[in-house]
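6 protein chains.
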Amino acid sequence: MLREEPPPKLPILEASLLRVIDAALEEDLGMGDVTTDSLIDPGWRAEGALVVKAPGVLAGMPVAATVFHRVDPAIAVTILLSDGATVAPGDVAARVAGPAASILKAERVALNLLQRLSGTASETARYVEAVGELPARVLDTRKTTPGLRALEKYAVRVGGGHNHRHNLADGVLIKDNHLEALALAGRSLTDAVRQAKAWAPHTVQVEVEVTALGQAEEAVLAGADCILLDNMPVELMRQAVRLITQRAAERGLPRPLIEASGGITLATVRAVAETGVDLISVGALTHSAKALDISLELSYRVG
Amino acid sequence: MLREEPPPKLPILEASLLRVIDAALEEDLGMGDVTTDSLIDPGWRAEGALVVKAPGVLAGMPVAATVFHRVDPAIAVTILLSDGATVAPGDVAARVAGPAASILKAERVALNLLQRLSGTASETARYVEAVGELPARVLDTRKTTPGLRALEKYAVRVGGGHNHRHNLADGVLIKDNHLEALALAGRSLTDAVRQAKAWAPHTVQVEVEVTALGQAEEAVLAGADCILLDNMPVELMRQAVRLITQRAAERGLPRPLIEASGGITLATVRAVAETGVDLISVGALTHSAKALDISLELSYRVG
Amino acid sequence: MLREEPPPKLPILEASLLRVIDAALEEDLGMGDVTTDSLIDPGWRAEGALVVKAPGVLAGMPVAATVFHRVDPAIAVTILLSDGATVAPGDVAARVAGPAASILKAERVALNLLQRLSGTASETARYVEAVGELPARVLDTRKTTPGLRALEKYAVRVGGGHNHRHNLADGVLIKDNHLEALALAGRSLTDAVRQAKAWAPHTVQVEVEVTALGQAEEAVLAGADCILLDNMPVELMRQAVRLITQRAAERGLPRPLIEASGGITLATVRAVAETGVDLISVGALTHSAKALDISLELSYRVG
Amino acid sequence: MLREEPPPKLPILEASLLRVIDAALEEDLGMGDVTTDSLIDPGWRAEGALVVKAPGVLAGMPVAATVFHRVDPAIAVTILLSDGATVAPGDVAARVAGPAASILKAERVALNLLQRLSGTASETARYVEAVGELPARVLDTRKTTPGLRALEKYAVRVGGGHNHRHNLADGVLIKDNHLEALALAGRSLTDAVRQAKAWAPHTVQVEVEVTALGQAEEAVLAGADCILLDNMPVELMRQAVRLITQRAAERGLPRPLIEASGGITLATVRAVAETGVDLISVGALTHSAKALDISLELSYRVG
Amino acid sequence: MLREEPPPKLPILEASLLRVIDAALEEDLGMGDVTTDSLIDPGWRAEGALVVKAPGVLAGMPVAATVFHRVDPAIAVTILLSDGATVAPGDVAARVAGPAASILKAERVALNLLQRLSGTASETARYVEAVGELPARVLDTRKTTPGLRALEKYAVRVGGGHNHRHNLADGVLIKDNHLEALALAGRSLTDAVRQAKAWAPHTVQVEVEVTALGQAEEAVLAGADCILLDNMPVELMRQAVRLITQRAAERGLPRPLIEASGGITLATVRAVAETGVDLISVGALTHSAKALDISLELSYRVG
Amino acid sequence: MLREEPPPKLPILEASLLRVIDAALEEDLGMGDVTTDSLIDPGWRAEGALVVKAPGVLAGMPVAATVFHRVDPAIAVTILLSDGATVAPGDVAARVAGPAASILKAERVALNLLQRLSGTASETARYVEAVGELPARVLDTRKTTPGLRALEKYAVRVGGGHNHRHNLADGVLIKDNHLEALALAGRSLTDAVRQAKAWAPHTVQVEVEVTALGQAEEAVLAGADCILLDNMPVELMRQAVRLITQRAAERGLPRPLIEASGGITLATVRAVAETGVDLISVGALTHSAKALDISLELSYRVG
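Chains as they are written, first to last, in this note's numbering: chain A, 453 to 755; chain Z, 453 to 755; chain S, 453 to 755; chain E, 453 to 755; chain L, 453 to 755; chain Y, 453 to 755.
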């Protein structure tokens with residue numbers, strides 16, 4: 453097959469992307485730039501390089517380019533390194549050229565977006581590398597930055613990860629909070645799975661979060677499409693994978709997908725992957741990734 | 453004086469706050485919640501506690517409360533710990549009570565905002581504590597999350613930090629990029645300061661970024677209100693502070709404020725503060741702070 | 453089980469609903485109401501009844517109520533018949549009472565939304581009734597009114613139908629257009645299913661549209677979660693259902709869900725359901741439903 | 453005269469049109485297209501034809517073209533048949549060419565708008581054809597789809613109809629609901645007409661809805677610019693037209709325009725037009741028109 | 453008749469009004485109020501009076517009240533003088549009471565709107581007074597402040613004026629620019645009137661702008677509903693009124709309404725009214741009215 | 453130095469400018485232009501000149517050009533006179549050429565914005581000219597039109613004035629309302645200045661409003677960066693300037709900037725400037741400036 457892992461592309465509607473960018477520009481530049489407007493002659497031109505300062509994976513180059521164009525269509529942006537490129541300090545990701553004042557005004561917002569998305573892509577890539585040749589996918593969560601979900605989930609894909617649910621409508625995930633409520637009403641995990649299959653669109657999978665082997669077993673038998681092992685120690689996880697696989701085989705059922713979640717770090721992700729789970733979700737990819745250091749270095753042509 | 457350090461309060465227009473919250477809810481809940489809608493009877497009620505899982509400083513409690521109300525005005529939120537509270541694992545920050553389905557739907561967006569803002573407040577507090585009894589202020593930068601600037605700058609204040617410029621209009625900051633351009637046009641740092649004072653609103657200060665002692669000296673004599681020492685080693689910083697103080701005294705000028713910036717970490721911030729600078733700005737407060745772990749623990753009343 | 457078919461509830465964020473309503477009010481009332489403002493004294497009060505004029509199923513009562521409140525919070529709305537109620541001419545769905553001028557101004561927009569949503573619910577109910585005791589679900593499509601998708605999909609559920617995908621992100625549906633492109637690249641339907649499973653979030657099902665028995669067979673073996681029989685004559689559909697069931701059983705695979713689509717009408721839906729398909733999708737539920745006739749009858753109290 | 457019936461043109465501000473289109477794209481494509489993104493190589497190109505599947509009148513070609521461009525400016529759209537064209541099954545309305553993935557993503561939203569608007573234009577054309585050579589105009593009402601009023605009123609004109617009021621501000625229409633309120637306050641239909649003329653902008657006409665001959669007579673004498681015969685049987689309508697004409701002539705007044713409204717169908721519209729009314733308004737043109745079936749047929753160029 | 457001149461009421465949709473107010477608050481208060489936040493304890497309360505400083509007519513009291521509530525629902529506003537009140541220096545229009553910090557933050561935006569609208573109402577009232585007992589209406593134009601049209605047209609009504617067209621859709625006004633274009637195509641003013649009547653909605657009047665007696669005559673005979681005398685000297689205006697009246701009488705046509713426009717000032721408006729025109733439109737009511745001086749005087753309760 | 457007074461340039465983000473323009477177009481043209489659509493053939497072309505009718509200073513030429521392009525990108529706009537040009541009646545500011553219908557539709561909104569901004573620039577220029585060779589700057593205030601602040605502050609700069617604060621966040625201005633509140637809490641003007649310096653961002657100046665000499669003296673000694681003399685008679689102002697200068701010199705402090713404000717008119721501004729103040733702020737520049745009369749004169753090419 454040619455395209456088992458298709459290269460991710462910018463998955464954002466132009467209008468949605470501009471909404472994010474315009475809001476950011478409004479915050480920074482809404483009332484003008486008193487420094488640049490005081491000092492920089494509108495006729496001066498500059499060239500600049502987006503220079504990487506730390507190792508990582510780039511994500512958001514088209515976003516940064518759009519910021520520059522949005523501030524001034526006269527800024528030319530040449531992308532030298534694409535989203536997904538593994539970069540080292542000193543690498544030049546792009547060049548910009550145009551009115552010096554406009555480049556100075558756009559700089560911060562362009563970098564804020566690029567650094568943040570590249571930070572998420574880089575962190576994802578570190579997890580993916582730690583998992584190495586094992587088949588487990590590294591997944592994001594819904595713990596994204598308010599307003600930036602689509603962009604951050606894109607950055608996760610750029611870093612080699614996969615996406616979990618985009619939102620509460622595109623996958624059923626029955627959590628302990630749901631199960632406890634149903635228990636009070638006299639209904640079991642099995643009831644929950646059936647009820648979800650009866651009500652939710654047929655297009656989504658039904659996934660169940662479990663914390664103990666007994667629950668995992670019940671979930672298999674109930675026909676869950678996916679089972680999430682929540683905050684289990686690695687050894688318990690391993691047993692759960694074995695048990696789930698066994699029970700499914702006994703009943704002639706397809707083995708549900710198995711997801712591990714909860715406090716998994718770079719230090720532990722390999723061990724988790726070795727338990728045989730299919731999916732490992734990591735909130736920190738989006739809620740706590742360090743920005744990738746990238747800066748804009750300018751040179752001028754006056755006159 | 454009674455109120456040298458007034459307690460920060462939520463500085464966001466209701467309409468702006470709702471714009472952030474509605475965008476986040478739209479991302480997560482725009483097409484409904486297929487799990488909750490499948491399983492949770494609209495008549496069921498729940499109570500929940502926002503439980504802190506890691507040490508830090510809370511910020512964003514009113515924001516989280518607004519998220520719950522926005523999803524369903526029938527959710528009652530009782531704030532037990534205010535923004536600025538130093539918290540430890542196990543602390544209960546707030547209680548919520550109301551329709552179980554609504555609480556489940558609001559949970560993620562409320563936590564995403566609260567965890568992120570508390571992460572910034574907590575990181576700020578760590579820097580402020582490291583500076584200790586020294587007079588230097590810890591400052592944020594414009595390296596904020598696109599769309600969340602006002603909220604994140606608020607979180608910095610909650611953590612005991614101070615705000616730098618909100619945007620490019622409320623302070624002149626002449627950087628090397630500006631000075632290089634002016635140099636090509638035959639104009640000096642001194643010219644730059646005068647030009648900015650002649651053009652910018654009289655309500656803003658003129659700050660100059662310098663990287664060498666000679667520049668710092670020129671900035672004092674040019675009448676800069678504030679001098680930013682960019683990426684200087686600590687020893688050079690100390691010399692710069694001394695030089696600036698001396699030159700100002702010789703000319704009978706008020707000593708400009710002195711800001712340190714560039715790669716300052718928790719490990720180095722105390723040494724920087726000891727050089728005598730007035731202000732220390734740290735981009736990582738907003739661009740790389742780890743989310744503070746907080747979770748919602750529910751219990752139900754059925755019937 | 454208590455709640456196999458939970459009653460649908462309004463699945464729209466308040467902010468999204470108000471966006472729809474405010475846009476509609478702006479269209480109709482943005483520059484005022486010259487008739488009412490000329491003639492109706494602001495002090496006059498009226499009472500009104502929303503009277504049904506044709507048989508059908510109500511949907512959108514809370515939407516209509518919100519329109520009245522949005523025009524004037526002083527209008528009291530008493531809902532007498534809930535969404536999902538089967539109604540006959542003469543039934544009173546709700547009563548309104550308040551300032552006469554405000555009721556007159558809100559009337560058209562409230563009715564436009566209520567009539568349209570009730571039209572979709574009523575049409576859905578007719579299809580569901582035609583399917584009768586057979587297990588096939590009646591589904592909507594993405595052929596919804598631009599801007600009203602969430603509301604119309606809600607109306608379908610109110611009418612007893614189920615929802616298909618909400619959008620292009622919450623389910624994989626491989627159509628002939630995709631398969632033809634892949635064919636040119638030398639890839640088969642089987643490749644397509646595997647590629648989608650390798651790339652798409654694990655939370656969504658993979659459905660394949662087929663037009664011939666051979667394709668249906670390949671889809672089963674490729675592991676499709678659902679197979680859509682597109683525009684097949686009823687007899688061919690029946691054979692396809694049989695073939696799919698057989699092949700799945702032979703391979704020890706769970707039988708994929710089977711969906712029928714394409715030109716199905718009230719006259720044919722029963723026959724389609726009798727073929728044994730699980731799902732029947734009908735674009736006309738949303739793109740061509742006749743509005744349900746409902747009118748506002750007023751009486752006044754002057755003074 | 454060259455241009456008694458000028459060809460209608462797209463009457464929508466670009467910004468308003470994009471608001472409608474962007475909202476529709478957000479609904480369908482806001483989180484991406486998991487099928488296309490999984491399967492279709494970004495480098496593949498396609499050509500497509502918008503093929504008409506049912507007889508009718510096209511409306512919205514420029515709207516559909518804008519949808520394609522909005523998703524991807526690289527899609528070329530060649531309009532072959534303009535708005536207003538009478539079409540038959542098999543007619544090709546336009547060709548599109550460009551990146552296959554982008555065309556697949558834009559397809560549904562483009563068709564949803566085009567089919568709906570063409571549905572309204574086609575229904576209008578059927579009424580206009582039924583009226584035939586008689587002078588009566590076929591009019592729309594305010595019973596339009598929330599958010600799409602300007603587009604739907606445009607489609608009515610494309611179909612050969614005319615527009616009634618766009619909103620409550622651009623015409624006085626005194627209905628029974630107004631007259632009853634005034635009656636309680638001791639004021640007559642005559643008072644109402646005078647009061648409206650005294651208060652409303654002089655730029656709008658004053659129209660009065662009547663249900664009986666006596667009222668029609670009073671309306672003429674009061675100086676109404678237009679009289680709406682509401683829900684009258686055809687014979688009564690004929691008498692009303694005669695009476696209105698007579699009374700106006702007796703008083704040397706210009707004969708008011710006469711509008712017929714209420715439950716008029718394709719079956720009855722000709723008879724209504726034969727009564728001599730000038731205007732016939734039909735809510736069903738916009739609230740219940742069947743979408744015109746149009747589909748996109750693709751062919752690919754890979755490589 | 454009880455209500456020949458009904459008291460105008462706020463004709464703005466809540467959502468539209470809030471859009472104006474929120475934009476204004478965002479401009480002024482979007483990043484907080486550094487003075488108030490530095491100095492005013494959140495617990496302090498204040499009372500304030502909106503005191504009129506110049507003679508005029510109030511307009512916008514409900515708007516100002518909404519500004520205060522929007523900044524802080526805890527601010528109580530007591531309106532003492534309603535829109536339309538004639539005021540003198542020293543009059544107290546309203547009292548506010550609540551958190552001191554909130555009142556200080558809302559002050560400027562509330563006053564900016566109130567002063568501007570009252571300025572327009574006051575200027576209108578001066579024109580209306582100058583016209584005195586004569587029947588001519590004083591009208592606004594479309595020369596309004598971008599974004600504030602509905603509010604300013606409301607202010608004109610508050611000041612005793614009437615509204616001309618709200619926008620280009622709710623009245624036909626054939627100007628010299630249209631006539632010249634038609635002339636090149638060989639079409640006359642008479643053709644223009646007929647064409648407009650054939651095409652435009654029947655709900656709007658057809659008005660023609662003329663600059664000479666001959667044109668006025670042609671306009672009467674063509675059946676124009678209203679004739680606008682553009683920039684005519686008063687004596688020519690008088691002749692035009694006579695001629696129009698005569699020609700209409702000769703043909704048994706109702707006399708068209710006659711509007712005067714162009715450079716009319718407070719000094720000339722009475723003479724214009726004496727010519728017998730029905731309508732006098734004055735752009736300066738909205739494009740050049742002086743703000744009415746109103747200020748907020750505060751007193752505090754600390755504790 | 454080449455650029456002591458850099459020429460102001462359009463300081464508005466494209467997105468913000470379009471928000472203003474689109475709102476204005478929506479108000480005027482949202483439902484179409486019934487006159488133009490009735491009469492003007494889409495194929496007709498026109499040329500037009502923006503002709504100045506009164507003496508003044510132009511501001512907003514790029515804004516007007518954007519309005520024309522926004523209505524129809526096919527309109528070509530040639531700017532002949534730039535913002536800041538001093539104009540006389542008869543001057544042609546720009547030429548437009550393109551589809552006649554589009555030019556007619558854009559005319560009013562383009563002129564409304566251009567006339568208003570030019571009105572403010574012209575009024576500012578009159579004040580600047582009155583100040584003449586004296587060094588005092590003429591400043592605007594926050595008394596701007598809601599929604600148009602950035603544009604109006606730009607127009608002030610175009611007219612030769614300078615900007616005061618853009619909003620409540622970019623400068624501390626301690627007014628009597630703040631001082632009275634603090635007084636009740638036992639705190640002095642000196643306390644207020646210190647408290648503001650301790651809390652507000654270091655990037656903004658601290659300005660204090662005073663009404664008496666004693667207050668002015670206290671403000672100097674407290675270290676205020678700027679002192680605003682509010683509503684002082686000219687003679688008192690002169691004394692205040694002298695006193696402030698003296699006290700600063702005695703203490704070796706830099707002399708604070710001194711601003712005059714309150715009821716300053718064209719008649720008095722020169723005398724105020726002669727007192728030696730540095731800054732003179734005038735609310736009337738934005739809240740009461742008369743629109744500059746500019747009109748569009750068209751000629752047509754038909755065929």
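Note that beta-carbon positions come from the ideal geometry of N, C-alpha and C, so glycine has one too.
What span of residues does the alpha helix (DSSP H) with L688 of chain Y cover, start to end?
-> It spans V686 to R703 - the alpha helix (DSSP H) in which L688 of chain Y sits, taken as one unbroken run.
Classify G495 of chain Y as helix, strand or coil using the three-state DSSP reduction.
-> Annotated three-state conformation of G495 of chain Y is coil, per DSSP.
How big is the Cα-Cα spacing for A652 of chain L and H618 of chain E?
-> Going from the Cα of A652 of chain L to the Cα of H618 of chain E covers about 11 Å.
Beta carbon of R522 of chain E, beta carbon of I555 of chain E: below 7 Å?
-> No, Cβ-Cβ distance for R522 of chain E and I555 of chain E is not below 7 Å.
Which of the residues in the segment 508-528 of chain L, read from start to end, lie with their CB under 9 Å from any CB of chain Z?
-> Those residues of the segment 508-528 of chain L that come within reach of chain Z (Cβ to Cβ, closer than 9 Å) are R522, V523, D524 and P525.
Does G495 of chain A come within less than 7 Å of chain Y when only Cβ atoms are used?
-> G495 of chain A is outside the set of residues whose beta carbon lies under 7 Å from a beta carbon in chain Y.
Are three or more beta carbon pairs between the segment 509-519 of chain L and the segment 556-574 of chain L nearer than 8 Å?
-> The segment 509-519 of chain L and the segment 556-574 of chain L touch, with no fewer than 3 CB-CB distances between them shorter than 8 Å.
Does DSSP classify S534 of chain L as helix, strand or coil?
-> Of the three classes helix, strand and coil, the one that applies to S534 of chain L here is coil, per DSSP.
Whose C-alpha, out of Y:I492, Y:A475, Y:L569 and Y:K649, is nearest the C-alpha of L631 of chain L?
-> Here the closest residue by C-alpha is Y:I492.
Hey, how far is the Cα of G550 of chain E from the Cα of A537 of chain E?
-> Distance between the alpha carbons of G550 of chain E and A537 of chain E is about 25 Å.
For Q657 of chain Z, the nearest candidate out of Z:G675, Z:A668, Z:L641 and Z:S640 (CA to CA) = It is Z:G675.
For R471 of chain Z, decide whether its Cβ has a neighbour in chain E, counting only Cβ atoms nearer than 7 Å.
-> No, R471 of chain Z does not count as interfacial toward chain E.
To which residues does DSSP link D682 of chain E through a beta bridge?
-> Assignment of beta-bridge partners to D682 of chain E by DSSP yields E:S713.
Exposed unless 16 or more other CB atoms sit within 10 angstroms - verdict on A540 of chain Y | A540 of chain Y is exposed by the Cβ-count criterion.
Hey, quick one: how far does the alpha helix (DSSP H) through G666 of chain E stretch, first residue to last?
-> Residue range L665 to A674 is occupied by the alpha helix (DSSP H) that includes G666 of chain E.
From which residue to which residue does the beta strand (DSSP E) around V660 of chain A run?
-> Its beta strand (DSSP E) spans residues V658 to V662.
Taking a cut of 9 Å between CB atoms, which residues from the segment 669-698 of chain L lie near chain S?
-> If the cut-off is 9 Å between Cβ atoms, the segment 669-698 of chain L has nothing near chain S.
Would you say P587 of chain E reaches chain L, if we count a Cβ-Cβ gap shorter than 7 Å as a contact?
-> It does not; no Cβ of chain L falls within 7 Å.
How would you call V721 of chain S, buried or exposed, if buried means at least 16 neighbouring beta carbons within 10 angstroms?
-> Counting the other Cβ atoms within 10 Å of the Cβ of V721 of chain S gives 16 or more, which makes it buried.
Using 7 Å as the limit for Cβ to Cβ distance, is P463 of chain E near chain C?
-> Note that chain C does not occur in the displayed structure, where the protein chains are A, Z, S, E, L and Y.
What is the DSSP secondary structure of V645 of chain Z, counted as helix, strand or coil?
-> Here V645 of chain Z sits in helix by DSSP.
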